[in-house]
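Novice:
Residue numbers (UniProt numbering), protein chains in the order written: chain A, 1 to 283; chain B, 1 to 283.
#1: If we count the other Cβ atoms within 10 Å of its Cβ and call it buried at 16 or more, is residue 246 (chain B) buried or exposed?
#2: Tell me whether residue 281 (chain A) sits in a helix, a strand or coil according to DSSP, three-state version.
#3: So if I threshold CB-CB distances at 8 Å, which residues from the region 224-238 of chain A count as touching chain B?
#4: Helix, strand or coil: which one does DSSP assign to residue 93 (chain A)?
#5: In whole angstroms, what is the alpha-carbon distance linking residue 211 (chain A) and residue 114 (chain A)?
#6: Using a C-beta to C-beta distance shorter than 7 Å, which residues of chain A count as neighbours of residue 187 (chain B)?
#7: Identify the residues that DSSP records as bridge partners of residue 141 (chain B): which are they?
#8: Taking C-alpha atoms, which residue in A:83, A:220, A:190 and A:203 lies nearest to residue 252 (chain A)?
#9: Output yes or no for whether 8 Å exceeds the beta carbon distance between residue 94 (chain B) and residue 67 (chain B).
#10: According to DSSP, which residues form a beta bridge with residue 28 (chain A)?
#11: Who are the Cβ neighbours of residue 259 (chain A) in its own chain at under 7 Å, not counting the five residues just before and after it?
#12: Can you tell me whether residue 149 (chain B) is buried or exposed? The criterion is at least 16 other CB atoms within 10 Å of its CB, across all chains shown.
#13: Of all the CB atoms in chain B, is at least one closer than 8 Å to the CB of residue 52 (chain A)?
#14: Taking the alpha-carbon of residue 70 (chain B) as reference, which of B:89, B:47, B:119 and B:111 has the nearest alpha-carbon?
#15: So which residues on chain B does residue 264 (chain A) lean against when the C-beta distance must stay under 8 Å?
#16: By the 10 Å Cβ neighbour count, where 16 or more other Cβ atoms means buried, how is residue 46 (chain B) classified, buried or exposed?
#17: DSSP state of residue 83 (chain B), grouped into three classes?
#18: Helix, strand or coil: which one does DSSP assign to residue 48 (chain B)?
#19: If you run the structure through DSSP and keep just helix, strand and coil, what is residue 66 (chain B)?
#20: Using 8 Å as the cut-off, can you tell me whether the region 218-227 of chain B makes contact with the region 230-250 of chain A, which would need three or more C-beta pairs spanning the two stretches below that distance?
#21: Quick check: is the beta carbon of residue 244 (chain A) nearer than 8 Å to any beta carbon in chain B?
#22: Consider the Cβ of residue 156 (chain A): report whether some Cβ of chain B lies at a distance smaller than 8 Å.
#23: DSSP on residue 120 (chain B), reduced to helix/strand/coil?
#24: Report the rounded CA-to-CA distance for residue 142 (chain B) versus residue 184 (chain B), giving the unit in angstroms.
#25: On the three-state DSSP scale, how would you describe residue 61 (chain A)?
#26: Give me the subset of the region 248-274 of chain B whose CB atoms are less than 8 Å from a CB atom of chain A, sorted by chain position.
#27: When the distance is taken between beta carbons, is residue 134 (chain A) closer than 8 Å to residue 163 (chain A)?
#28: Output needed for residue 182 (chain B): all residues of its chain with C-beta closer than 7 Å, excluding positions within five of it in sequence on either side, in chain order.
#29: Applying the 10 Å Cβ sphere with the 16-neighbour rule, what's the burial state of residue 153 (chain A)?
#30: According to the Cβ coordinates, are residue 62 (chain B) and residue 18 (chain B) closer than 8 Å?
#31: Excluding sequence positions up to five away, which residues of its chain have a Cβ less than 6 Å from the Cβ of residue 194 (chain B)?
#32: Suppose the cutoff is 7 Å on Cβ atoms and the five residues either side in sequence are ignored; what does the same chain contact list for residue 237 (chain A) look like?
#33: Are the CB atoms of residue 6 (chain A) and residue 65 (chain A) within a distance shorter than 8 Å?
#34: Under 8 Å by Cβ, that's how I've got residue 8 (chain B) and residue 33 (chain B) pegged, so tell me the actual separation to the nearest angstrom.
#35: Examine chain B for any beta-carbon lying closer than 8 Å to the beta-carbon of residue 203 (chain A), and answer yes or no.
#36: Given that a residue counts as buried once 16 or more other Cβ atoms are within 10 Å of its Cβ, and exposed if not, what is residue 21 (chain A)?
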């Protein structure tokens, strides 16, 4: 393992670059990103060693990490199919949905290019290469979806990622997409809708959002994240999200109806169930 | 001002006791709460000086702060109507909705007992007297709804609350209830529903909520709060909440439909609008 290509140097990609550099400072990291400032910043910080175009860099790499939005990951997988890569290269990604990415990657695997899907279950409302850090994923689940990687390749990847201190979880793509729809995509959509609804409803109120307290800020924090990234995520997992939002709306309507009819017992049961579950998670 | 009665010694009431004690340590604070442990704890901490029953304490007080759940506040206002109170007493409350409380308080005002509605716009998923603190409301809006208080009484109350460092905001009851429905009640109901929906959907998943990341935890944190308190809040502001939830569901369905039909432009616009607004609030 001499050369790693990381395409997409935002929060996640730049964190992975920092992690790999910490694991082995002799590895050459080639960065690919359309944003000059991100690349210049990471070069100046010695997090990445070179900048090249994707097509130029891919044939040089022993490990290729696709860390752009899901739509870009799929385009780049398709591009890799027609490039001449090193025989032992491992391609992986960090996309927040996996079914469509794994389907695209079958064309790589069919050409004997090893692919393993990946998704570190952490992020931030902060975006961009400046906020990347070695411990961004510390303690979090890092999902792996097996396809055509060898054990040797996977172990080598895990060794390079060791400073991240993640909780590796093998999962199949469909189970992954259901899980993250519930735990990440639907909450993001709900937080987004909350911000937009409240802003519209209070647009003529002189106090309005200015008096929002910590609860509102916590609940909506993730809505501040990158709209580019989240558009790609939402569209890539549309079926699962649509289904889960239907369930969410049904449960919301049930609570709304109980409040409307003044059903103290049912309202209490619903609040109590959620309170117990939420308190059982660590803070 | 010699004697203050605080009824309800949870997070909010015990914080107000601490604030008033800090403003003037010579004031006698009588605490009323059904929970022995809360009372014993606050007596041992010298935050409150005495414990009495509500009916026994009210006639002794120069200031009465009703800090229980909204339903208890309304019961206690009704009880005060038939008690013999000091002529200059000021009664106030901390309830999260104001229309029903102000309506109940007209019976007090009709008997020449001064009442001003109050609501400090801060709280926590932490509940109970142990988590109360002088700076709990620091920097937050503290709403006041005028009814029959004199300027002298209001200024005296504000002086006692000075260590809290709040942002006083006069508001009428209906505007208040709309504002807090949007900024607090609907977000709470949404967070609650998110927890219950996800828990149900993932109940047979071995990973499930255990792999939830910071985004999910932030978004659902407030769902951990007291179900007793929130049942009373939700039922006391049912009309406003029901209306605002309808708007929320409409906007949610619009985003869901855009995701379903793969409308990249519309999905992006919705995420972008929320992201800009959310980033404009401080963290």
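Cβ coordinates follow ideal geometry from the N, Cα and C atoms, glycine included.
Specialist: Reading off the structure:
#1: The Cβ neighbour count for residue 246 (chain B), taken over all protein chains shown within 10 Å, is under 16; the residue is labelled exposed.
#2: The answer is coil: DSSP assigns residue 281 (chain A) none of H, G, I, E or B.
#3: Answer set for the region 224-238 of chain A: 224, 225, 226, 227, 228, 230, 231, 234, 235 and 238.
#4: The answer is strand: DSSP assigns residue 93 (chain A) an E or B state.
#5: One alpha carbon belongs to residue 211 (chain A), the other to residue 114 (chain A), and they sit about 53 Å apart.
#6: Neighbours of residue 187 (chain B) in chain A, taken as residues whose beta carbon is under 7 Å from its own, are 194, 215, 216 and 219 in chain order.
#7: Answer is B:167, bridged to residue 141 (chain B).
#8: Here the closest residue by C-alpha is A:190.
#9: Yes. Within cutoff.
#10: For residue 28 (chain A), which the question treats as bridged, DSSP gives the partners A:3.
#11: Cβ-Cβ distances below 7 Å link residue 259 (chain A) to 267 in the same chain, with the five nearest sequence neighbours on each side left out; the list follows chain order.
#12: Counting Cβ neighbours within 10 Å, residue 149 (chain B) comes out buried, since at least 16 surround it.
#13: So no, residue 52 (chain A) is outside the interface.
#14: Looking from the CA of residue 70 (chain B), the closest CA among B:89, B:47, B:119 and B:111 belongs to B:119.
#15: Those are 231 and 235, listed as they occur along chain B.
#16: Burial call: exposed.
#17: Collapsing the DSSP output to three states places residue 83 (chain B) in coil.
#18: Residue 48 (chain B) falls in the coil class under three-state DSSP.
#19: Strand.
#20: With the cut-off at 8 Å, the region 218-227 of chain B and the region 230-250 of chain A do not touch.
#21: Cβ-Cβ to chain B under 8 Å: yes for residue 244 (chain A).
#22: Chain B contact via Cβ: absent.
#23: Residue 120 (chain B) falls in the strand class under three-state DSSP.
#24: Cα-Cα distance, rounded: 14 Å.
#25: Residue 61 (chain A) falls in the coil class under three-state DSSP.
#26: Per Cβ criterion, the list reads 248, 249, 251, 252, 253, 255, 256, 259, 260, 262, 264, 267, 268, 270, 271, 272, 273 and 274.
#27: Yes. Within cutoff.
#28: Cβ within range, chain order: 244.
#29: Result: buried.
#30: No, the Cβ-Cβ distance between residue 62 (chain B) and residue 18 (chain B) is not below 8 Å.
#31: The residues are 220.
#32: Contacts found: 97, 177, 181 and 185.
#33: Taking the C-beta atoms as reference points, residue 6 (chain A) is found nearer than 8 Å to residue 65 (chain A).
#34: In this structure, residue 8 (chain B) and residue 33 (chain B) form a Cβ contact; the two beta carbons are roughly 6 Å apart against a cut-off of 8 Å.
#35: It does not: the Cβ of residue 203 (chain A) has no partner Cβ on chain B nearer than 8 Å.
#36: Its Cβ being crowded by 16 or more others within 10 Å, residue 21 (chain A) is buried.
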